[in-house]
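Beneath this line is the structure, given in structure tokens, with notes to follow.
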Ligand code: NAI
């Protein structure tokens, strides 16, 4: 998709972080932008930020919606058609939440919350919008489907299993849609960022009441720690510019940097880990030992000194390690408990 001006864009999770960056970039490109999010205060603030960024008020629609609820999501899609005069030409399914803890400590609530937002809202978005988009635009004008996944889609997540499982599924779905939409003259793209300067570290604050039985240790301190890490991530507007370039050029996977050689190396690395799962345990351990030895040899004295220094960012007052199990789960390895 190359032409954006005058067209309609629908962005989930558009009130914050990556989604708000996308709203600014595609709004600046001349699109009418609908942002859908569960938090009204964040939506109000996002609209102000978009206007300050130079996007016209009449080109913005903010919709409060729980995207895991299919009736609400369908009503939001109807609202966009009513206000902007047609279905979106571009959907970007970006809303997401995360929670860290040993996967073996996960509860049904942990899976239902994370998979509900990260995977099932993407399914909802595809099923609600794609038929409308095909009917309105196939062979007439360009249209495109995008989702925000994660680098986590390519790896196992023993400390965030529901999240990486949901992202792996999102990637696979988008590959399917990229193939499926070709005959209609449309495309699909999945964005796979690393760390983003966003508010995802605070997601636990608005976890729905009925899904609050977590197996992980969550506190103000763990959220403060996550915030300090995400503060080092890529700027959401820069990330959205990278996504825009990817959509313009028909990329199916977009990695969070502008260097294609860097992407290829990253993807080969992810792939090798999966390939190694087919080795026997003894073969894997021997390979890991060999690699460690080679790495040690390759480190210069400067590298070693650099690695012995504390991390670049400060862990704020009151922060505590995230990724631990709930203390009362006495069957979980004590190292993995609070
Ligand atoms: P964020 O927390 O700043 O934005 C996510 C938005 O989704 C929030 O505004 C939130 O209210 C909304 N949301 C959550 N549940 C919802 C629901 N049920 N219905 C409607 N809206 C809902 O977080 P961020 O980081 O910008 O996340 C965007 C995407 O980027 C997510 O899919 C996330 O998994 C992905 N990602 C984030 C990374 C990071 O380091 N922050 C790294 C890689 C991927």
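Residue numbers (the working numbering): 784 to 1121.
Ideal Cβ positions, reconstructed from N, Cα and C, are used throughout, including at glycine.
query	result
The region 952–962 touching the region 999–1012, judged by at least three CB pairs closer than 8 Å	no
Member of 810, 839, 848 and 791 whose CA lies at the smallest distance from the CA of residue 824	848
Contact with chain C by residue 1089, beta-carbon distance below 8 Å	Structure shown: chain C not included; a single protein chain is present.
Three-state class that DSSP yields for residue 1107 in the structure shown	coil
Cross-strand partners of residue 1010 (DSSP beta bridge)	Answer by DSSP bridge pairing: none, since residue 1010 is not bridged.
Continuous beta strand (DSSP E) assignments of at least 3 residues falling wholly in the region 880–931	927–931
Meets three-Cβ-pair contact criterion under 8 Å: the region 788–803 and the region 861–871	yes
Bridge-paired residues (DSSP) for residue 999	1108
Residue 900 CB to nearest heavy atom of the ligand NAI below 7 Å	yes
Rounded straight-line distance, which links the Cα of residue 1068 to that of residue 983	35 Å
Residue 843 vs residue 833 beta-carbon contact at 8 Å	yes
Contact test: residue 821 Cβ vs the ligand NAI heavy atom, cutoff 7 Å	yes
7 Å CB neighbourhood of residue 1006 in its chain, flanking five on each side removed	984, 985 and 987
Unbroken beta strand (DSSP E) run spanning residue 939, endpoints	Where residue 939 is concerned, there is no enclosing beta strand (DSSP E), given that its DSSP letter is neither H nor E.
For residue 900 and residue 850, the rounded distance between their alpha carbons	7 Å
Closest Cα partner of residue 979 within the set 1087, 799, 785 and 869	799
C-beta atoms of residue 1027 and residue 808 nearer than 8 Å	yes
Beta-carbon gap between residue 795 and residue 908 smaller than 8 Å	yes
C-beta contact flag for residue 1087 and residue 1107 at 8 Å	no
Cutoff 7 Å; reference residue 1082; Cβ partners in own chain excluding five residues on either side	none
Neighbourhood of residue 922 by C-beta distance below 6 Å, restricted to the same chain and skipping five residues each side	968
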